[in-house]
Each structure stands twice: as C-alpha cells, then as structure tokens.
Amino acid sequence: MDVIERIRAAATRDGAAVAHAYRGERLSYAQLWSGATALAARIAGELRDDGSPVVVYGHKESSMLVAFLGAVRAGHPYVPVDLSWPADRIASVVEESGARLVLAVRPLPEGVSHPGMTVLDAAGLADGVVPSGPTGTPREVAPDEPYYVVYTSGSTGRPKGVQITGSALAHFVDWATGLTNDAGIEGTPVWLNQAPFSFDLSVMDLYCALTSGATLHSLDAASAGHARRRHEELGGSGVSVWVSTPSFADLCLADRAFDATLLPRLRVFLFCGETLSPATARALLQRFPDAKVVNTYGPTESTVAVTSVTIGPEHLDGTALPVGRAKPGTTILIRDEAGTPLPPGEPGEIVIAGNTVSVGYLHRPDLTEAAFTVVDVDGVPTPAYRTGDLGRLTPDGMLYFGGRLDGQVKLHGYRIELEDIETNLRRVTGVQQAAVLAVRGEDGVVTHLHGFVQLDHVPDGSPLAVATGLKRELRAYVPEYMVPKLLTVVDRIPMTPNGKADRRALLTGSP
Amino acid sequence: MDEAQEQEVLRLLVEVCGTDAIDSERDVDLFEAGLLDSLGMTQLLVSLEDELGIRVPPTAVEREDISTVNRILTFVAERL
C-alpha cells in the first residue's frame, strides 16, 4: 500500500491520535488529513496538473507536515527547504526546480523571488487555516511519480535535486519501520525528529511514524544545540525510537544525565548519515541497557538508507563498525573503476541496485546519466546508483564503508561537496581563489573544514577578524554547516600541474 | 588560577577552536567567529573536567558564560 493510503488509514483508524508534537503544538491525524485535503484543493486551483514541485519553507512546525501531504495529494512533489538556508540558496533551488509555488510556513527571507513564482502563507495550516483563493479537484501523486525532491550539495556550487518516487518511499518505509520490530516498544511509538526536513534523514522518522499511526516528536535546531533546553525537551518527549546522526548522539552523551532515566521508553537508536563509531555505540548501550543500536547506510539517491545491522558486543572490538546488510529489494554491488564486479572482501565503489533508487536529479539529465545506470540482478534489469562511496562486502553480505572516491565529505552527517564551498567562497568580496580541506580526527571522521583563500588585497585587521568577516559574507550563500571553521588567508593557493588546488601542499603549509 | 592552570585552559581552548589566533584576541566572540559551536562547547566542558577537575554539567552553562577567551578564564577561575 502506498504512503498516502497508509496515512489515510491511520487518520481513519484514530483521528484523535497525535501525529506530530512540536513544543506546545499537537497535531492530530484528523487535523493532518483534513488540513491536507483543503490544501490539496487550493493547490489544484493554483497550479496546473503538471507535477511541478512545490517548495515548502519552514522548520519543525506542524504546518510543515500538512504542507507536505497537501502537495502530494495535489499531484505535486514537495521540496523541503529549511529555515537555516540563506536566501541565495533558496532562490537557486526555486529556480533549479522550476517550482511555481512556495508554501511559506515561515516568512520567506528578502530576496527570494522568481518570475512566475507564487508564495502562499502556510503558517496556519496546522490550525485549519488554508490560504484563500481558487480551488480545484486534486489528483494524488501516482506511485511512479516523484513524491519529494531533496536538494543536496552539488560540486558546481549549485545544489542538485534528488527525486524520490512514492513507490521508492513505500519500499523504504516498509523496511525501516520493521527495524523497530521486536524492540519491546510499549504503547504507541514516538519517533524523534532531530534532522531538519530538508535533510533526508528526517524521512526515516517522519514517514515511519505517519504511516503507522505513531507520533513524530520534533526537536528544533535551537533546542538541539542548547544543552538545558534539549534535556528538558527530551525528558518530556516519551521518545521510543531515536533517529539522528551519530554526531547528535555524541553531543547528548557529553551530558551524564542523558540516559534511560531521562528517556525510559527508548528502545531503538537508528543511525544514518555518517560513520557510527564503536565508542558512541558502546556508550549508548551502557546508558540505555534496554535499547538496541542500529547502524544504517545509504545515500539520498536511494531513499535514505538501504543497509542495516544491530550493533552487538561482537562488533565493538573492531576499529570500524559494519554498516549492515542490504534490505529486501536492494542489491549491493562492489565494482572497480571500469565497472567490473569485484569478489567479496575487495574494496571498490558501492553500487546500489533496487526498488528505492531515485529516478534521477530533477532537470539535470547530465548529472543523472553520470550517476545512475541499470544493472542485471538475477537476470532482471534493475535501476542502480553509483554512490562514489568506497566499501567492501564480506562473503556473507556485510557491508563496510571505506570513505569517498571524490571531494564529497560528511560533516556531522551533512553531505557537503568541497567544491560547492569553494565556488561560493569565490563569490565573497576580494576572494580570487579558494580551496577547502576536510580535517579528520585520528578515527578518520571529519572534525571540521579548513578553507584557504587568496585575496586581491588583505583588509586591515587581525587574521581572526579578517576570517570572521569572510565567514559572515559566505553565510549569505551557504548554510552554516558549510562555513569552514577555519579560514586562512594565503598569498597564493598552490596549484597542481593539472590546474587544481594542491591540497597536500596546503595541508602541510598550514599553520 | 595560577599561570600553569591558565596555560592549560588556553591549550584546551586552542585545541577545541583549532587555532592559536584566539590567544591574542581574548574578547572576540568565539561563537560569532565560527570557532565554537554547541559541539565544541561540549568538548570544552568535557576536557575542563578531565584536565582540571572542574565538573559542570552542560545543562548548567549558557553560551554567554563562555563566549570569549576572557569569559572562559573567568568561568574557570570561579570554579577552581
């Protein structure tokens, strides 16, 4: 059954059940469903039935969920855009996606406009307030049509939109919800939502919750980053399924009071987005003896995650945790540079084939063709995605992640193309040339970014003041997590013979 | 706080911020400068406990208490 049908069924079964809890707000399934019904009719009066994407802008408000569901029930995929994005990046997503409608749950920042773009105030959706205007008869997105489009960092400095169909989402949700089976959850599950909706990790908690009649409990960015507020918010949440990046768990673990006393109903940790370290897993298993820790892996291009493993004592001695075995409907292949399959144990590029692979990047056939392909799985031609990730499979199908083939890095779970930052750094006043390095800790995990810039003239002020000024301007172009922690002004960016920044020379020459 | 303790706090801070440029600019807002965030703040508190025995739960600290080098030195001096 598809995702929309399952949400409809949950609303029919128990309309009074809480679909979303955020601060003081409580959105019932009946409110979610009826709000989306009214919004879908309004969207059908605004847009032709052309499947054009609808941008939804805001943070963790309940109206976000109504807006998502309203868009897909009107036959349009939605593009979640978080409050943390600067105006420039929002504008480029509106332009790249061809969206003609923006649902503004929060007021759009100045400077986001595009010819033919309509902005509707969507702040009141959770309270049943639908923007006034013409209505029409909506048609829901079909299973083979895009359900959402998530934008991710692109190496050209412009984000690229990954299209996920309703069918891919349903296959993912079927499997991901099952990861919580046999975990001993009592009563209606409560799923933690920590990642912004623009980050597809949130798809895991959002849709596993909504398709099963469970409650999604959202933590906003301000509370997540503030120890006391985080503690209070988590304590009152009743969370039973934890979904976050390992970095966020590390942040919580620094507080001794983060344990089973604070979260007595917690039974499952689901991790995705970056490498989970044995130390983090060990600490969680100690603090939460009744919970299981599940590591998962997958890129946005194959719907959040495709492998999973429950971390047990046998995994904790190694230096790296496995990322798991493929879910049903997915085949993991390891291939060499020429595309030849490699035998078990040999490291190579991870290629994901199966029923959750994206239909490609929106309006970017060039990028789609470069990354997506069709492979033969047991005689059946199957859509596949070349991840650019390195990995190896054990003979019994356990996958180990081994880094990247290119300049993409994961910082605290966020996927970043270093060239994306470099391109945007060159837009900053006075910057002639820029290079960004990912600095790694002893365990190989990226701890921070270090940018190097060559300026046409060095402004007055200390190095710290100059760097702060440059960062301030860069924040107008990229989200905060892409602003390098360190920025060093150099006389000249060293170049390799083939015209690229010489990263090795920068690293050794840096103070 | 004696000289050795102050040097130790500065060393921990340089480690968390990733640059020794902060040593000479002790009133710069480290959050504004992008050198300290919630994760860095947490790491700093953990290392202050490990190295100097100052135990402060993260829930008892506001950003304003430790937003500059000088404020951090005062914060530590009051708790030694």
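Chains as they are written, first to last, in the working numbering: chain A, 5 to 515; chain B, 1292 to 1371. Positions of the beta carbon are idealized from the N, C-alpha and C atoms, including for glycine.
Over what stretch of residues does the beta strand (DSSP E) that includes residue i continue unbroken?
i, result
"A:Asp92", "Run containing A:Asp92: none in the beta strand (DSSP E); it sits in the alpha helix (DSSP H), 91 to 101."
"A:Gln437", "435 to 444"
"A:Phe273", "272 to 275"
"B:Arg1370", "Per DSSP, B:Arg1370 belongs to no beta strand (DSSP E) and is neither H nor E."
"A:Arg419", "418 to 421"
"A:Leu107", "105 to 108"
"A:Val59", "58 to 62"
Give me whichever residues DSSP pairs with residue i in a beta bridge.
i, result
"A:Gly316", "DSSP output for A:Gly316 lists no bridge partner at all."
"A:Trp195", "A:Leu220, A:Val245"
"A:Glu353", "A:Arg339, A:Leu394"
"A:Pro385", "A:Asp380"
"A:His452", "A:Val443"
"A:Gln290", "For A:Gln290, which the question treats as bridged, DSSP gives no partner whatsoever."
"A:Val154", "A:Val166"
"A:Leu490", "A:His454"
Identify which residue in the options has its Cα closest to the Cα of residue i.
i, options, result
"A:Phe292", "A:Pro345, A:Ser251, A:Ala187", "A:Ala187"
"B:Ala1295", "B:Glu1342, B:Ile1313, B:Leu1327, B:Leu1336", "B:Glu1342"
"B:Glu1340", "B:Arg1370, B:Met1292, B:Asp1293", "B:Arg1370"
"A:Asp254", "A:Ala174, A:Ala130, A:Arg286, A:Val245", "A:Arg286"
"B:Val1319", "B:Val1337, B:Ala1368, B:Ser1358, B:Val1367", "B:Ser1358"
"A:Gln437", "A:Ser216, A:Asp18, A:Ala505", "A:Ala505"
"A:Gly343", "A:Thr335, A:Gly316, A:Arg390", "A:Arg390"
"B:Ser1329", "B:Val1352, B:Val1360, B:Asp1314", "B:Val1352"
"A:His3", "A:Val134, A:Asp209, A:Val109", "No answer is possible for residue 3 of chain A: the residues shown for chain A start at 5 and end at 515."
"A:Leu105", "A:Leu510, A:Asp92, A:Asp54", "A:Asp54"
"A:Pro135", "A:Ala14, A:Ala40, A:Ser101, A:Thr427", "A:Ala40"
Quick one: grab the DSSP three-state call for residue i.
i, result
"A:Pro515", "Only weak support is given to the placement of A:Pro515: the predicted model assigns it a pLDDT of 39, under 50, and the value that follows is read from those uncertain coordinates. Note: A:Pro515 maps to coil in three-state DSSP."
"A:Thr215", "coil"
"B:Leu1301", "helix"
"A:Phe203", "coil"
"A:Lys164", "strand"
"A:Asp410", "coil"
"A:Leu468", "helix"
"A:Tyr365", "strand"
"A:Phe252", "helix"
"A:Thr2", "Given that chain A is displayed from residue 5 to residue 515, the structure contains no residue 2 of chain A and the question cannot be resolved."
"A:Glu29", "strand"
"A:Arg431", "coil"
"A:Thr16", "helix"
"A:Tyr485", "helix"
"A:Arg496", "coil"
"A:Pro147", "coil"
"B:Val1352", "coil"
"A:Pro84", "strand"
"A:Val22", "strand"
"A:Ala127", "coil"
"A:Gly39", "helix"
"A:Thr169", "strand"
"A:Leu459", "strand"
"A:Gly520", "In the structure as shown, chain A begins at 5 and stops at 515. Residue 520 of chain A is therefore absent and cannot be evaluated."
"A:Gly328", "strand"
"A:Pro347", "coil"
"A:Asp506", "coil"
"A:Phe405", "strand"
"A:Leu415", "strand"
The alpha helix (DSSP H) spanning residue i covers which residue range?
i, result
"A:Asn299", "First-last for A:Asn299: 296 to 301, but that is the beta strand (DSSP E), not the alpha helix (DSSP H)."
"A:Val76", "66 to 76"
"B:Asp1341", "1329 to 1343"
"A:Asp259", "No alpha helix (DSSP H) contains A:Asp259, which DSSP labels as neither H nor E."
"A:Ala231", "231 to 239"
"A:Ser227", "225 to 228"
Is the segment 33 to 41 of chain A touching the segment 56 to 72 of chain A in the sense that three or more CB pairs, one from each, lie closer than 8 Å?
-> Output reads yes: the segment 33 to 41 of chain A touches the segment 56 to 72 of chain A.
Is the segment 444 to 462 of chain A touching the segment 236 to 247 of chain A in the sense that three or more CB pairs, one from each, lie closer than 8 Å?
-> Of all C-beta pairs linking the segment 236 to 247 of chain A to the segment 444 to 462 of chain A, fewer than three are shorter than 8 Å, placing the two stretches out of contact.
Given 8 Å, three or more beta-carbon pairs between the segment 74 to 89 of chain A and the segment 137 to 153 of chain A | Contact annotation: the segment 74 to 89 of chain A touches the segment 137 to 153 of chain A, with at least three C-beta pairs closer than 8 Å.
Are the segment 253 to 264 of chain A and the segment 182 to 197 of chain A touching, with three or more C-beta to C-beta distances below 8 Å?
-> In short, these stretches do not touch, since the Cβ pair count stays below three.
May I ask you to verify whether the segment 376 to 387 of chain A touches the segment 289 to 303 of chain A, counting CB pairs closer than 8 Å and requiring at least 3?
-> Result no; under three Cβ-Cβ pairs closer than 8 Å.
Do the segment 82 to 89 of chain A and the segment 117 to 132 of chain A touch if we need at least three Cβ pairs shorter than 8 Å?
-> The segment 82 to 89 of chain A is not in contact with the segment 117 to 132 of chain A.
Is there contact here, the segment 478 to 486 of chain A with the segment 414 to 428 of chain A, by at least three beta-carbon pairs under 8 Å?
-> Taking a contact to require three or more Cβ pairs closer than 8 Å, the segment 478 to 486 of chain A and the segment 414 to 428 of chain A qualify as touching.
Answer yes if the segment 227 to 235 of chain A comes into contact with the segment 168 to 186 of chain A, meaning at least three C-beta pairs across the two stretches below 8 Å, and no otherwise.
-> Contact between the segment 168 to 186 of chain A and the segment 227 to 235 of chain A is absent: fewer than 3 CB-CB pairs across the two stretches fall below 8 Å.
Given 8 Å, three or more beta-carbon pairs between the segment 386 to 397 of chain A and the segment 197 to 211 of chain A | The segment 386 to 397 of chain A makes no contact with the segment 197 to 211 of chain A: fewer than 3 CB pairs, one atom from each, lie closer than 8 Å.
Does the segment 87 to 98 of chain A touch the segment 52 to 65 of chain A, meaning 3 or more C-beta pairs lie closer than 8 Å?
-> The segment 52 to 65 of chain A is in contact with the segment 87 to 98 of chain A.
Pairing CB atoms from the segment 321 to 338 of chain A with CB atoms from the segment 364 to 375 of chain A, are three or more of them under 8 Å?
-> Note that the segment 321 to 338 of chain A does not touch the segment 364 to 375 of chain A; fewer than 3 beta-carbon pairs, one per stretch, sit closer than 8 Å.
Can we say the segment 391 to 406 of chain A touches the segment 349 to 358 of chain A, given the rule of at least three CB pairs closer than 8 Å?
-> Cβ pair count under 8 Å is three or more, so yes.
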